[in-house]
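Undergrad: Residue numbers (my numbering), protein chains in the order written: chain A, 847 to 1193; chain B, 847 to 1193; chain C, 847 to 1193. Please see the structure below; I have some questions.
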Amino acid sequence: MGLTLGELAVRFGCELRGDPAAVVARVATLGGAGPGDLGFLANPHYRAQLAATRATAVVLDAQAAPQCPVATLVHSNPYAAYARIAALLHPDPPATPGAHPGAHVDPGAQIAPSASIGAGAVIGPRCMVGERSRIGAGCVLVADVQVGADCRLHPRVTLEPGTQLGARVSVQSGAVIGSDGFGFARDGAGWTKVPQLGRVRIGDDVEIGANTTIDRGAIDDTVIAAGVKLDNQIQVAHNVQIGEHTVIAACVGISGSTRIGARCMIAGAVGIVGHLDICDDVVVTGLSMVSHSISTPGVYSGGIPAEPSAVWRRLVGRFKRLDALAGRVTQLERGTHGSKPGSKTDE
Amino acid sequence: MGLTLGELAVRFGCELRGDPAAVVARVATLGGAGPGDLGFLANPHYRAQLAATRATAVVLDAQAAPQCPVATLVHSNPYAAYARIAALLHPDPPATPGAHPGAHVDPGAQIAPSASIGAGAVIGPRCMVGERSRIGAGCVLVADVQVGADCRLHPRVTLEPGTQLGARVSVQSGAVIGSDGFGFARDGAGWTKVPQLGRVRIGDDVEIGANTTIDRGAIDDTVIAAGVKLDNQIQVAHNVQIGEHTVIAACVGISGSTRIGARCMIAGAVGIVGHLDICDDVVVTGLSMVSHSISTPGVYSGGIPAEPSAVWRRLVGRFKRLDALAGRVTQLERGTHGSKPGSKTDE
Amino acid sequence: MGLTLGELAVRFGCELRGDPAAVVARVATLGGAGPGDLGFLANPHYRAQLAATRATAVVLDAQAAPQCPVATLVHSNPYAAYARIAALLHPDPPATPGAHPGAHVDPGAQIAPSASIGAGAVIGPRCMVGERSRIGAGCVLVADVQVGADCRLHPRVTLEPGTQLGARVSVQSGAVIGSDGFGFARDGAGWTKVPQLGRVRIGDDVEIGANTTIDRGAIDDTVIAAGVKLDNQIQVAHNVQIGEHTVIAACVGISGSTRIGARCMIAGAVGIVGHLDICDDVVVTGLSMVSHSISTPGVYSGGIPAEPSAVWRRLVGRFKRLDALAGRVTQLERGTHGSKPGSKTDE
Chain A
847 MGLTLGELAV RFGCELRGDP AAVVARVATL GGAGPGDLGF LANPHYRAQL AATRATAVVL
907 DAQAAPQCPV ATLVHSNPYA AYARIAALLH PDPPATPGAH PGAHVDPGAQ IAPSASIGAG
967 AVIGPRCMVG ERSRIGAGCV LVADVQVGAD CRLHPRVTLE PGTQLGARVS VQSGAVIGSD
1027 GFGFARDGAG WTKVPQLGRV RIGDDVEIGA NTTIDRGAID DTVIAAGVKL DNQIQVAHNV
1087 QIGEHTVIAA CVGISGSTRI GARCMIAGAV GIVGHLDICD DVVVTGLSMV SHSISTPGVY
1147 SGGIPAEPSA VWRRLVGRFK RLDALAGRVT QLERGTHGSK PGSKTDE
Chain B
847 MGLTLGELAV RFGCELRGDP AAVVARVATL GGAGPGDLGF LANPHYRAQL AATRATAVVL
907 DAQAAPQCPV ATLVHSNPYA AYARIAALLH PDPPATPGAH PGAHVDPGAQ IAPSASIGAG
967 AVIGPRCMVG ERSRIGAGCV LVADVQVGAD CRLHPRVTLE PGTQLGARVS VQSGAVIGSD
1027 GFGFARDGAG WTKVPQLGRV RIGDDVEIGA NTTIDRGAID DTVIAAGVKL DNQIQVAHNV
1087 QIGEHTVIAA CVGISGSTRI GARCMIAGAV GIVGHLDICD DVVVTGLSMV SHSISTPGVY
1147 SGGIPAEPSA VWRRLVGRFK RLDALAGRVT QLERGTHGSK PGSKTDE
Chain C
847 MGLTLGELAV RFGCELRGDP AAVVARVATL GGAGPGDLGF LANPHYRAQL AATRATAVVL
907 DAQAAPQCPV ATLVHSNPYA AYARIAALLH PDPPATPGAH PGAHVDPGAQ IAPSASIGAG
967 AVIGPRCMVG ERSRIGAGCV LVADVQVGAD CRLHPRVTLE PGTQLGARVS VQSGAVIGSD
1027 GFGFARDGAG WTKVPQLGRV RIGDDVEIGA NTTIDRGAID DTVIAAGVKL DNQIQVAHNV
1087 QIGEHTVIAA CVGISGSTRI GARCMIAGAV GIVGHLDICD DVVVTGLSMV SHSISTPGVY
1147 SGGIPAEPSA VWRRLVGRFK RLDALAGRVT QLERGTHGSK PGSKTDE
């Protein structure tokens, strides 16, 4: 399928500089593009590739447009414009409505006629699947699960009892939603399990990454608001709340009962301890430990970049002797630094 | 189903202060409770909610009881008492004994008559499933797997060959038990796989979280003792041993051949390197790196709380110049601090 | 099945010191071995167990051989020799060629006659599975997937559309290959998904651990070169490239578009940020944050070992006051350290 630059300009609100009858059929990177390809420039990191591109046209902003050697579709938000055009040029393959004969659908489930259920999927009692939603092969909706319209569950997703998904929710393969929260009461030498009775409720337009896990609430629900985007291998513990449009990168762990505000951006492998309040518009950079509530929007960090090991070992040694170093400074300040034997041996 | 406070007091050894004929039907949070609900107070964090609760009764300890405006079930361990009452009020839905017609059970497997096997589950040759155990939809027990009585496997759990589970083991969805350990011998330019021939043996009353992975031993077995509780997305490498009643929070990684004692508590996202011995009764706080054996019970830490990024960057810069700072202190101690040009430029 | 030491010596190029007619039937640890068992010594850590071993024979190097009380198979690389012998003594159980009747194979898929497809596996349209490859129970190959010869997919692996595996690739249970990369364009208050159109291409002899996730490329492909070994619960983001024979331990996260060279060794729980270039022959120790490109081979570190919490809290306090400490040193250097009230209160 090809589309003319003129059509794209009109449809996506771009300013076209070039031949409106030229046709693009697919997207490509600036460096890899050839005739019929549409490139884009959103990250200044790749600007150097613009001059040599062989794309038929490039989506970019007004500032970069003059440097482009080929036709341009100019947009104030070229990445979003590119995303929409790419979705049009590369639509998802159509799904066949109905349940695959190898699916196991409980007679008490309600599946919309336009929904599709993949081979080996299991849809339990009282589950509801909305119009045009696609349940991938091997998914398990245990019981009392509600999936809204236009959702996409990739293969092998588990939705435990009571889980609710809004509309247009996408879940990558291997994700588990509604697993028991980690609640145990100390009881003599061992532990007694605390029944996990809440659910997981997920708003519209949420994306959930591969092998991400979201625990059901202990009593109240775990709640993921509309527009939240979760990457792969994230752990969301029981009773967590995440506000609208917050984006969380891979391998983040969020402990129980923590509330994260709206429009936050949490980078990869961050750990957030339990029972915290993180306000709206907080950015946390990679590998940080968030151990206190945050009430002021802004950027927070806690990771230390690696060094060559010999340097690093020396720094860690210095770090572990910081008490001694501070003591030496105090002695210098008091004029007593020669009075303790051994006080100069740290270097 | 409702139960009277009198019944609960007798059954769970609580002291009842209030009407023994009052009935509770479900549990609720102190803040969310209404008539017919049973609340609990175990964490002092929530004590402020006690005065306004509308619960019919609250489980709490003797110290908090006088502040409670409604009936109380007083217990010295209110969280454990609450857990048991909640399990009684909210029983798991009953499973239908037998194998779902969509399950694939090898004729050489032995399934107890009271066990249930979900749709799409695969039970391989010589597997044994004990009385009343529930194997969720889409689980795979590959071969020679033993599952004790009263176990609960949530959907899509994999038990690789030879895995043994004791009684009352609960495994959340997506967990993989018995995957190959990560063993490769350097061999010229590449690596030769070292066959992983051991098994995973899991004791009674163990809980294993969603998408947690436990590797089989290389030769001997990986062993998880009775009463251990593992949260989601934990990685347990080959030949690890974990002692009784140890509790490990989400996203922890334990490298090969490390032994962890009994009654330890490991918080989230801790990393433990291989071939270590961690003694009994060790507590490790979140995001710590444990790189040496621990022979003294106690609390260990290694995480640094995040700061606003501007502050953090400055601290990291200071950290990376600790050698220079220590050198300046030594020069001051020697009275030579003016002798090297540039020695004062660090601030 | 047993093999004589003479056969093993000839077949694997070992020097035999002992009776060539002696038979070994299985491998064992030095400490656990008995008659008929073959032990090995590759890690000096276990040398103390050599003197008391009751193995029939031990694989080891020439240096350790004289201390061995039993027959020896001497090899310059005893761990690799052991690995090959163990694979011979403990072969994988044979798979039955063909598709299990409970598998769902699309009529448009091409399955080699010697390949086996497990119960509940789903093989979608235009997928190809090579000779002798084994697709475990519950695996899902969505569409247009190519699996080379002699591959082994453990149960419940997902290969999303377009994924390509070379020959002799092993994938542990729960792994997801080809999930959507995490790409969203900011768009007003929310985010627009950027279609993820690339694939994952995996070379020969690659191993992929349990519950590891590898995202498809945004436009170009994510590429894992031949001989790479990935442990469990690794996250590989879109457009990452990993060079030949690189080994990565569990719980590592690699952000988008980063390139890792050949023969690298990345230890557990390392986090690598996006758009970096890591050259060949880099070693990164556990729990490090790699936030800059690395152009010099060598060993890099970034983790700080845990301490008893009281010590650690004090060190963290010192760390967070490094600015003040450096300022005090500067004042001492300037001879002004008595001029600011409070400057001595840090100890």
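All C-beta atoms, glycine included, are put in the ideal place defined by N, C-alpha and C.
Would residue 1075(A) pass as an interface residue toward chain C - the criterion being a Cβ-Cβ separation below 8 Å?
TA: Answer yes: the Cβ-Cβ gap between residue 1075(A) and chain C drops below 8 Å somewhere.
Undergrad: For residue 1017(A), which residues of its own chain have a beta-carbon under 6 Å away from its beta-carbon, when the five flanking residues on both sides are left out?
TA: Result list for residue 1017(A): 999, 1003 and 1054, in chain order.
Undergrad: Excluding the five sequence neighbours on either side, which residues of its own chain have a C-beta within less than 6 Å of the C-beta of residue 1013(A), listed in chain order?
TA: Taken in chain order, the residues that qualify are 994, 995, 996 and 1050.
Undergrad: Since residue 1081(A) meets chain B, which of its residues come closer than 7 Å, beta carbon to beta carbon?
TA: Chain B residues near residue 1081(A): 1078, 1079, 1096 and 1097.
Undergrad: If you measure beta-carbon to beta-carbon, which residues of the stretch 1133 to 1164 of chain A are closer than 7 Å to chain B?
TA: Under the 7 Å Cβ criterion, the stretch 1133 to 1164 of chain A contributes 1134, 1135, 1136, 1137, 1138, 1144, 1145, 1146, 1147, 1148, 1150, 1160, 1161 and 1164.
Undergrad: With the cut-off set at 8 Å, would you say residue 1113(C) and residue 1092(C) are in Cβ contact?
TA: Not in contact: residue 1113(C) and residue 1092(C) (Cβ atoms no closer than 8 Å).
Undergrad: Listed from N- to C-terminal order along the chain, which residues in the stretch 948 to 960 of chain C have their beta-carbon within a distance smaller than 7 Å of any beta-carbon of chain A?
TA: Answer in chain order: 950.
Undergrad: With H, G and I counted as helix, E and B as strand and the rest as coil, what does DSSP make of residue 912(C)?
TA: Residue 912(C): helix per DSSP, three-state reduction.
Undergrad: Hey, is residue 1123(B)'s beta-carbon within less than 8 Å of any beta-carbon in chain C?
TA: Taking Cβ atoms only, chain C never reaches closer than 8 Å to residue 1123(B), which makes this a no.
Undergrad: Suppose you measure from the CA of residue 1148(B) to the CA of residue 931(B); what does that come to, to the nearest Å?
TA: Going from the Cα of residue 1148(B) to the Cα of residue 931(B) covers about 38 Å.
Undergrad: Grab the span of the alpha helix (DSSP H) containing residue 1176(B) for me, first residue to last.
TA: 1168 to 1180 is the span of the alpha helix (DSSP H), which, as asked, contains residue 1176(B).
Undergrad: Could you pull out every residue in the same chain whose Cβ sits closer than 6 Å to the Cβ of residue 1063(B), ignoring the five residues on either side in sequence?
TA: Excluding residues within five positions, the ones whose Cβ falls inside 6 Å are 1044, 1084 and 1085.
Undergrad: From what residue to what residue does the alpha helix (DSSP H) around residue 1031(A) run?
TA: Segment 1030 to 1033 is the beta strand (DSSP E) holding residue 1031(A); no alpha helix (DSSP H) there.
Undergrad: Report the start-end ranges of each alpha helix (DSSP H) in the stretch 850 to 914 of chain B that is 4 residues or longer and not cut off at the edges.
TA: For the stretch 850 to 914 of chain B, whole alpha helix (DSSP H) runs of length 4 or above, ordered along the chain, are 851 to 858.
Undergrad: Give the interface partners of residue 1182(A) over in chain C, defined as CB-CB distance under 7 Å, in chain order.
TA: The premise fails here: residue 1182(A) is roughly 12 Å from chain C at the closest Cβ pair, so nothing lies under 7 Å.
Undergrad: Would you verify that the beta carbon of residue 879(A) is, or is not, closer than 8 Å to some beta carbon of chain B?
TA: No, no contact with chain B.
Undergrad: Please list the terminal residues of the continuous alpha helix (DSSP H) segment that includes residue 989(B).
TA: Taken as a continuous stretch (DSSP letters only), residue 989(B) belongs to no alpha helix (DSSP H), as it is neither H nor E.
Undergrad: On the criterion of 16 or more Cβ atoms from any shown chain inside 10 Å, does residue 857(A) qualify as buried, or is it exposed?
TA: Flag for residue 857(A) reads exposed.
Undergrad: Could you tell me the distance, in whole angstroms, from the CA atom of residue 928(B) to the CA atom of residue 1038(C)?
TA: Cα-Cα distance, rounded: 45 Å.
Undergrad: Can you tell which of 876(B), 875(B) and 880(B) has its C-alpha closest to the C-alpha of residue 869(B)?
TA: Per the Cα distances, 880(B).
Undergrad: Could you tell me whether any non-hydrogen atom of the ligand MN is closer than 7 Å to the CB of residue 968(A)?
TA: Of the ligands one can find in the structure shown there are none, so the ligand MN has no counterpart to examine.
Undergrad: Going along chain B in order, which residues have a C-beta closer than 7 Å to the C-beta of residue 1011(A)?
TA: The contacting residues do not exist; residue 1011(A) stays about 16 Å from chain B at best.
Undergrad: For the beta strand (DSSP E) containing residue 1023(B), name the first residue and the last one.
TA: Note, residue 1023(B): beta strand (DSSP E), 1022 to 1025.
Undergrad: Quick one: does residue 855(B) have its CB under 8 Å from some CB of chain A?
TA: No, its Cβ sits nowhere closer than 8 Å to a Cβ of chain A.
Undergrad: Measuring only between beta-carbons, confirm whether residue 1001(A) sits less than 8 Å from chain C.
TA: Yes - at least one Cβ of chain C is within 8 Å of the one on residue 1001(A).
Undergrad: Can you check whether the C-beta of residue 861(B) is within less than 8 Å of a C-beta belonging to chain C?
TA: So, not an interface residue.
Undergrad: Do you know how far the Cα of residue 1005(C) is from the Cα of residue 981(C)?
TA: Approximately 11 Å between the Cα atoms of the pair.
Undergrad: Against chain A, which members of the stretch 1031 to 1061 of chain C pass a CB distance test of less than 8 Å?
TA: Answer set for the stretch 1031 to 1061 of chain C: 1031, 1032, 1033, 1035, 1036, 1037, 1038, 1039, 1040, 1041, 1043, 1057, 1059 and 1061.
Undergrad: Would residue 901(A) pass as a contact of residue 916(A) if the rule is Cβ separation under 8 Å?
TA: Yes, the pair counts as a contact, with Cβ atoms nearer than the cut-off.
Undergrad: Within 8 Å of any Cβ in chain C, is that where the Cβ of residue 996(A) sits?
TA: Judged by the 8 Å Cβ criterion, residue 996(A) is not in contact with chain C.
Undergrad: Per the DSSP calculation, residue 978(B) is bridged to which residue(s)?
TA: None, per the DSSP bridge assignment.
Undergrad: Does the CB of residue 980(B) have a neighbour CB from chain A at under 8 Å?
TA: Closer than 8 Å: no.
Undergrad: For residue 1170(A) and residue 1146(B), what's the separation of their Cα atoms in angstroms?
TA: If I take the Cα positions, the gap works out to 21 Å.
Undergrad: Does the contact criterion of 3 or more C-beta pairs under 8 Å hold for the stretch 1066 to 1082 of chain B versus the stretch 1097 to 1115 of chain B?
TA: With a cut-off of 8 Å, the stretch 1097 to 1115 of chain B and the stretch 1066 to 1082 of chain B count as touching, because enough Cβ pairs lie within range.
Undergrad: For residue 855(A) and residue 861(A), which I take to be in contact (beta-carbon distance under 8 Å), what is that distance rounded to the nearest angstrom?
TA: Going by Cβ atoms, the distance from residue 855(A) to residue 861(A) rounds to 7 Å, so yes, they are a contact pair.
Undergrad: According to DSSP, simplified to helix, strand and coil, what is residue 1164(A)?
TA: Helix.
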